[in-house]
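Residue numbers (the UniProt record's numbering): 1 to 572.
Yeah, the Cβ is synthetic: ideal placement off N, Cα and C, and Gly gets one too.
These numbers come from a predicted model, not from an experiment.
Have a look at the structure below before the remarks.
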């Protein structure tokens with residue numbers, strides 16, 4: 001594949017114009033829109049207009065297309081059964097597929113409450129028909145064949161067919177998207193035999209984003225922006241989503257704000273923008289976004305999701321659930337609403353409903369780590385640690401460098417008394433960048449529980465130091481850390497450091513009495529050793545005069561954890 005900087009933009013725009021036309025005449029509206037948006041980003045590039053090609057069954061095609069636009073799919077299939085041209089043949093198969101989908105949804109009274117949403121009754125017959133004509137199918141019909149195989153859970157065969165489809169018709173974005181949805185990891189992506197075409201770069205960028213390979217995504221998209229696509233709203237949205245995935249919230253919000261200035265009536269991806277505003281608790285901005293999206297189209301799933309987030313931020317969880325349910329009735333495959341609804345049920349302490357919602361989210365998109373993580377939380381509440389461990393492990397595999405997943409997995413191991421695995425998880429969470437600042441504390445407590453005092457001391461010291469540097473930390477946890485260190489120093493006959501830690505403990509109500517006892521013990525020991533030290537104990541603020549010494553906050557006496565103890569972990 002040629003380097004992006006060497007692309008001939010005239011050829012690229014010409015390809016996009018052809019793709020736009022070919023997708024439009026086949027009723028593939030989303031792919032036609034994608035090609036149109038990219039072509040618009042190259043509006044300064046001049047190309048020759050594309051001349052429509054006449055076919056031998058033009059009359060049949062136009063009749064079928066008129067029925068197709070009116071959603072009379074069975075009529076389309078009937079009048080195109082003897083189709084000769086590739087576009088009319090595609091309408092024949094596509095209408096059969098859409099007819100089955102329509103009947104499936106009509107049979108489901110409520111897609112939100114239905115325990116089994118059923119399958120498309122036309123899929124098996126359609127598969128047989130497409131398989132019989134496999135050798136005569138063009139890239140668009142092969143795309144539909146791949147979709148049918150995917151819906152029948154024949155994923156390996158679907159990958160082969162979709163790969164063949166993008167070789168025959170590399171300009172059809174919908175085929176690339178379906179292929180991307182079947183790529184589960186980077187190794188699978190590398191193993192695909194893809195055409196050497198400029199569309200491959202967009203496919204790799206999209207797939208990397210789905211696989212949470214966000215740094216690689218940004219590199220690809222910034223290259224595309226620097227080589228002709230700087231005004232592409234598609235790229236602007238993808239870059240903002242990458243920053244969202246990386247939890248660089250301010251840059252992600254800035255990206256969506258810039259996108260809104262360019263395309264103010266856009267609803268695509270506004271649900272993700274609302275998630276960011278929710279995380280930052282920007283109530284005014286989220287309220288404005290909810291009113292704005294509602295004024296554009298109140299019956300879009302994205303609009304309902306934005307409004308649901310607005311009510312959730314106001315702690316009106318019942319109303320939030322209603323809007324997420326409305327989003328699902330509008331689009332049963334809108335997996336983001338399933339996940340968000342699961343979160344709301346968790347807030348309402350309805351674990352059974354939360355489990356159902358998260359399971360539906362995973363059924364639609366198995367790469368939704370939030371749904372896996374949510375299932376882990378529900379089973380943690382239900383005190384079912386083995387289930388909890390399974391779901392947290394799935395979430396961690398999808399987000400291997402997210403410290404929250406590692407901490408949750410470590411806690412699950414700890415509850416199952418698998419302390420060695422728990423230590424590895426907590427240490428890795430610290431190593432990859434602890435988002436919540438709890439990994440060192442949990443690691444220290446595991447060492448304390450196992451009576452590995454040297455390691456626990458080092459971990460507690462680093463926890464205190466990191467909390468001081470970030471200006472955060474739970475006071476109860478800090479009190480526990482100082483008390484352990486004070487007792488450790490008493491046990492190791494380090495009176496000066498013990499005094500400093502014990503004196504620090506008097507600042508916390510939870511450890512004040514224990515600290516007073518330790519200070520008295522230290523004073524008695526010093527008196528018996530020297531026979532001359534004067535000890536003054538005050539009831540509320542004990543003060544023992546000792547020689548000046550470096551304390552736990554002195555950088556010269558308390559080295560970092562990695563300087564004191566070599567952890568026995570397999571992570572590299």
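Nonlocal neighbours in the same chain, by C-beta distance under 6 Å from residue 98, ignoring five residues either side: 73
For residue 19, which of helix, strand or coil comes out of DSSP? helix
Kindly indicate which residue of 86, 498, 152 and 300 has the alpha-carbon position closest to the one of residue 486. Distance from the Cα of residue 486 is smallest, within the candidate group 86, 498, 152 and 300, for 498.
Considering only their Cβ atoms, is the gap separating residue 304 from residue 320 smaller than 7 Å? No, they are not a contact pair.
Hey, quick one: how far does the alpha helix (DSSP H) through residue 324 stretch, first residue to last? Per DSSP, residue 324 belongs to the alpha helix (DSSP H) from 317-330.
Please classify residue 199: does DSSP put it in a helix, a strand, or coil? helix
Specify, as a first and last residue, the run of the alpha helix (DSSP H) that residue 100 falls within. 86-107
Status (buried if at least 16 other CB within 10 Å, exposed otherwise) for residue 360: buried
Of all the CB atoms in chain C, is at least one closer than 7 Å to the CB of residue 233? Among the chains of the structure shown, chain C does not appear; only one protein chain is present.
Residue 156, DSSP secondary structure in three states: helix
Within the same chain, show all residues whose beta-carbon is closer than 7 Å to that of residue 479, passing over the 5 residues directly before and after it, in chain order. 505, 508, 510 and 511
Check whether the segment 403-414 and the segment 367-383 touch, using three or more Cβ-Cβ pairs below 8 Å as the test. yes
Give me the residue from 447, 330 and 358 with the minimum Cα distance to residue 341. It is 358.
Whole angstroms is fine: what's the gap from residue 64's alpha carbon to residue 75's? 8 Å
Going by beta-carbon coordinates alone, are residue 142 and residue 164 separated by less than 7 Å? yes
Given a cut-off of 7 Å, decide if residue 206 and residue 180 are closer than it, judged by their beta-carbon atoms. Yes, they are a contact pair.
C-alpha distance - residue 189 paired with residue 166, whole-angstrom precision: 14 Å
Would DSSP call residue 27 helix, strand or coil? Residue state, collapsed to three classes: coil.
Where does residue 131 fall in DSSP's three states? helix
In chain order, what residues of the same chain have a beta carbon less than 6 Å from the beta carbon of residue 394, not counting five sequence neighbours either side? If we look at residue 394 and ignore the five residues flanking it on each side, its Cβ neighbours are 372.
Separation of residue 378 from residue 29, as counted between CA atoms: Annotation: residue 29 to residue 378 spans about 39 Å, alpha carbon to alpha carbon.
With three or more C-beta pairs closer than 8 Å as the rule, is the segment 6-15 touching the segment 34-45? These segments touch.
Coarse secondary structure for residue 487, derived from DSSP in three states: helix
Of the choices 425, 491, 249 and 513, whose alpha-carbon is the least far from that of residue 525? 491
So residue 453 is in the alpha helix (DSSP H); what residue range does that whole segment cover? 453-470
Assuming the contact rule is C-beta atoms closer than 8 Å, residue 345 and residue 336 should be a hit. Round their C-beta distance to whole Å, please. With a Cβ gap of about 15 Å, residue 345 and residue 336 do not count as contacting.
Could you work out which residue in 424, 4, 397 and 476 is closest to residue 200 when comparing CA atoms only? When each option's Cα is compared against that of residue 200, the closest is 4.
Using the beta-carbon count (16 or more within 10 Å), is residue 193 buried or exposed? Exposed.
Would residue 419 and residue 443 be called neighbours here (beta carbons separated by less than 7 Å)? no
Report buried or exposed for residue 435, applying the criterion of at least 16 other Cβ atoms within 10 angstroms of its Cβ. exposed
In the segment 244-298, which residue ranges form an unbroken alpha helix (DSSP H) of at least 4 residues, counting only runs that do not cross its ends? Segments of the alpha helix (DSSP H) lying fully in the segment 244-298: 249-262, 270-279 and 283-296.
Buried or exposed: residue 382, going by 16 or more other Cβ atoms within 10 Å of its Cβ? It is exposed - the Cβ of residue 382 has fewer than 16 other Cβ atoms within 10 Å.
Please report the distance separating the alpha-carbon of residue 547 from that of residue 496. Any reading at residue 547 needs caution, since the residue's pLDDT is 38, under 50, leaving its predicted position unreliable; the model's value is listed next. Taking the straight line from one Cα to the other gives about 8 Å.
If you draw a straight line from the C-alpha of residue 70 to the C-alpha of residue 59, how long is it? 17 Å
C-beta atoms of residue 312 and residue 289 nearer than 7 Å: No, the pair does not count as a contact, with Cβ atoms beyond the cut-off.
Round the Cβ separation of residue 26 and residue 140 to the nearest angstrom and send it over; I've been treating them as touching at under 8 Å. 6 Å
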